[in-house]
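Residue 6 in UniProt numbering sits at position 6 of the sequence shown; the count goes up by one each step and never skips. Virtual Cβ for every residue (Gly too), placed ideally from N, Cα, C. None of the values given here were measured: they were computed from a predicted structure.
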Amino acid sequence: MHNDRLSGMSIWIWQWLPIGAIVGVNFWLAPSASALSAIEVGKIAKSVTVSIDSENSVGSGVVIRKEGNIYTVLTAAHVVRDRQAQFKLTTPDGKSYPLTPTNIKATTDADLAIVKFQSSTNYPIAKLGNVETASEGAIVYVAGFPLATAAINASIYNFTEGKVTANANRPLAGGYSLVYSNNTLPGMSGGPVFNQAGETIAIHGKGDVQESNKTSEINENIRIKTGFNLGIPTNTFMRLAGKLGVDFGGKPPIVVATNPPKTPQAVDFFLIGVDRFNRGNLGGSIEAMNEAIKLNPRYTKAYLARATANFTFKRIGAAIADADLAIQSDPNSGLAYGGKCFFLSEFGKHGEALGVCNRAISLAPKNAMVYNIQGLAQLRLRNYSAAAADLERSIELDPKLYYAYNNLAIVRNAQRNPLAALNLARRAVYIAPQSPATRALLGQLLVANKDYRQGLMELNVALGRNPRMTEAYKARAIANRAIGNTAAAQIDDRLAQQYAFTSTEGFIDDISFLNQ
């Protein structure tokens with residue numbers, strides 16, 4: 001089996017406890033302090049991040065206040081929206097505290113809620129920072145407790161580093177206005193977003209996948225991993241603190257604007273475009289990026305976002321044109337050249353793509369994604385040794401870049417090393433268990449190795465998350481025939497034919513290249 005199309009398209013492609021005097025509060029939006037190391041911020045994060053879960057949901061939160069032996073935790077409202085559920089809160093020392101509806105208070109003005117618990121243990125309190133200091137490209141960290149998976153059967157604290165992609169003035173519904181690139185997992189919603197000073201500047205909310213076994217209110221019919229995560233700034237919380245029953249005790253915080261600017265900025269339209277892409281509204285995403293570009297003709301990431309949406313529509317020529325505009329807007333952007341390399345390769349111009357990739361690497365020699373794209377171009381040319389070298393370099397630069405593992409698995413399979421291919425595909429699933437692309441590739445490799453029942457399990461998961469993957473239907477048809485399920489195989493044959501003409505053969509699993 002040789003299916004580089006699937007992985008290629010998955011490369012790039014959101015009664016209340018009484019309040020008395022305030023004790024032990026770090027509420028003020030202080031000016032940003034000097035930068036700490038990631039290890040130092042990680043220690044702070046681990047000491048103030050809690051998990052909040054019930055039988056049907058998982059989430060996180062951050063301790064922001066202590067009054068006597070009553071602690072206040074800030075989280076996302078959707079984490080605790082099921083008032084019939086029996087929630088429990090688990091602190092960093094492993095102690096659990098039951099929560100009742102009287103311990104929870106949410107606001108309808110933003111996706112924020114306050115949770116209270118009582119304990120004689122002395123827990124650290126998070127310091128809140130001002131999100132206005134988080135400019136595009138600033139390093140941020142997200143902490144939380146991901147949902148257990150088949151690979152990891154317990155919820156284990158997770159701390160990830162990323163960069164701010166956009167910090168909009170006009171928030172989306174729910175108060176979301178901060179966009180960042182951190183790799184997050186289900187269960188981390190409600191967790192804190194930290195700046196380099198170790199201050200909490202936002203509450204993580206919308207990620208790439210849902211945190212519950214219930215139907216998601218976002219992306220009900222289409223699951224597209226965008227590589228973008230959205231957070232609600234602490235500044236928004238400060239404006240709503242009174243409605244949530246939070247008293248500053250007469251000590252005024254740093255003044256924040258009560259209303260966003262009346263005139264929308266380019267970044268505001270970029271945020272709208274990201275949100276629409278998350279929801280599968282690709283046409284609407286393009287419209288929003290058009291507006292962003294009108295306001296800022298040098299908005300490189302907006303050109304690349306529009307290119308990705310055009311690519312999803314199979315407008316590869318338009319995608320290449322947008323990549324050229326991105327290069328014109330920033331001739332030193334390795335990211336823009338990397339985008340053009342990918343689109344050229346998808347257009348079948350593999351030789352030209354390699355030349356563009358060389359330029360991208362010269363501009364961004366430590367960008368794992370660019371090496372991944374060049375490896376893909378080499379793969380398309382069947383230069384397997386060169387492809388493997390590029391993909392191994394990509395993994396060396398970013399050991400969590402699951403796209404590179406996926407592509408390297410395809411290379412090893414083409415080199416007739418099925419065991420290595422399976423191990424790499426399993427590693428990709430371990431890193432990104434929610435990705436349909438990783439599941440689909442693993443399923444196809446299992447089927448190719450005659451492990452039909454296990455392959456069917458993986459393919460069923462993949463197609464359940466994205467029902468438009470032609471090659472996955474083909475592999476499932478083979479597996480169904482092998483186990484004697486001819487009727488199911490015939491259905492898969494028809495579906496494979498249908499989607500071969502009506503949609504992309506694979507699908508865009510990620511556009512996190514915009515966050516590089």
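Less than 8 Å between the beta carbons of residue 40 and residue 128, yes or no?
no
May I ask you to verify whether the region 314-325 touches the region 357-365, counting CB pairs closer than 8 Å and requiring at least 3?
no
Any 3 or more C-beta pairs closer than 8 Å across the region 292-304 and the region 182-190:
no
By the three-class DSSP mapping on this structure, what secondary structure does residue 213 have?
Note on residue 213: pLDDT 34, under 50, position unreliable in the model; no value is reported.
State the DSSP-derived secondary structure class of residue 455, mapped to helix, strand or coil.
helix
Host beta strand (DSSP E) of residue 161 (start-end)
158-167
Beta-carbon proximity list for residue 305, same chain, < 8 Å, skipping 5 on both sides:
270, 273, 274, 277, 285, 289, 511 and 514
Buried or exposed, going by whether 16 or more other CB atoms sit within 10 Å of the CB of residue 172?
buried
Residues near residue 463 in its chain [Cβ-Cβ closer than 6 Å; skip 5 each side]
472
Rounded to the nearest angstrom, what separates residue 138 and residue 283 at their Cα positions?
30 Å
If you scan the region 315-403 from start to end, which runs of the alpha helix (DSSP H) of 4 or more residues do you find wholly inside it?
316-329, 334-346, 350-363, 368-380 and 384-397
In three-state terms, what does DSSP make of residue 295?
helix
Nearest to residue 110 by CA position, among 230, 42 and 146, is which residue?
230
Indicate the three-state DSSP secondary structure (helix, strand or coil) for residue 118 in the structure shown.
strand
Determine the extent of the alpha helix (DSSP H) in which residue 482 is found, giving its start and end residues.
470-482
Note down the Cα distance separating residue 448 from residue 422, rounded to an integer number of angstroms.
10 Å
Which residues does DSSP pair with residue 303 in a beta bridge?
Paired residue(s): none; residue 303 is not in a bridge.
When DSSP labels each residue in this structure, what does residue 140 get in the three-state scheme?
strand
Check residue 418 in the structure and name its three-state DSSP category.
helix
Is the CB-CB distance between residue 299 and residue 321 below 8 Å?
no
Using C-beta distances below 6 Å, list every residue in its chain close to residue 496, excluding the 5 sequence neighbours before and after it, in chain order.
470, 473 and 474
Taking just the CA atoms, how far does residue 344 sit from residue 499?
23 Å
Have a look at residue 21 and residue 204 and give me their C-alpha separation to the nearest angstrom.
In this prediction, residue 21 has a pLDDT of 30, which is less than 50 and means its spatial position is unreliable; nothing more can be read from the coordinates.
With H, G and I counted as helix, E and B as strand and the rest as coil, what does DSSP make of residue 279?
coil
Selection from 346, 71 and 130 that minimises the alpha carbon distance to residue 317
346
C-alpha gap between residue 114 and residue 196, whole angstroms
25 Å
Inter-residue CB distance, residue 453 and residue 442 (contact presumed, cutoff 8 Å)
With 8 Å as the limit, residue 453 and residue 442 do not qualify as a contact, their Cβ atoms being about 14 Å apart.
Member of 135, 145, 93 and 46 whose CA lies at the smallest distance from the CA of residue 52:
145
Exposed or buried, what is residue 100 when buried is set at 16 or more other beta-carbons lying within 10 Å of its beta-carbon?
exposed
From residue 119 to residue 93, what does the alpha carbon distance come to, in whole angstroms?
12 Å
Entirely enclosed beta strand (DSSP E) segments - the region 44-127, minimum 3 residues
49-53, 58-67, 70-75, 88-90, 96-98, 104-107 and 112-118
Return yes when the Cβ of residue 456 is within less than 8 Å of the Cβ of residue 479, no when it is not.
yes
What does the alpha-carbon distance come out to for the pair residue 255 and residue 235?
Bear in mind that the predicted position of residue 255 carries a pLDDT of just 45, short of 50, making it too unreliable to give a figure here.
Excluding five sequence neighbours on each side, which residues of the same chain lie with their C-beta closer than 6 Å to the C-beta of residue 309?
282, 285 and 286
Option in 436, 311, 330 and 313 with minimal Cα separation from residue 297:
330
Could you check where the alpha helix (DSSP H) with residue 236 kicks off and where it finishes?
234-240
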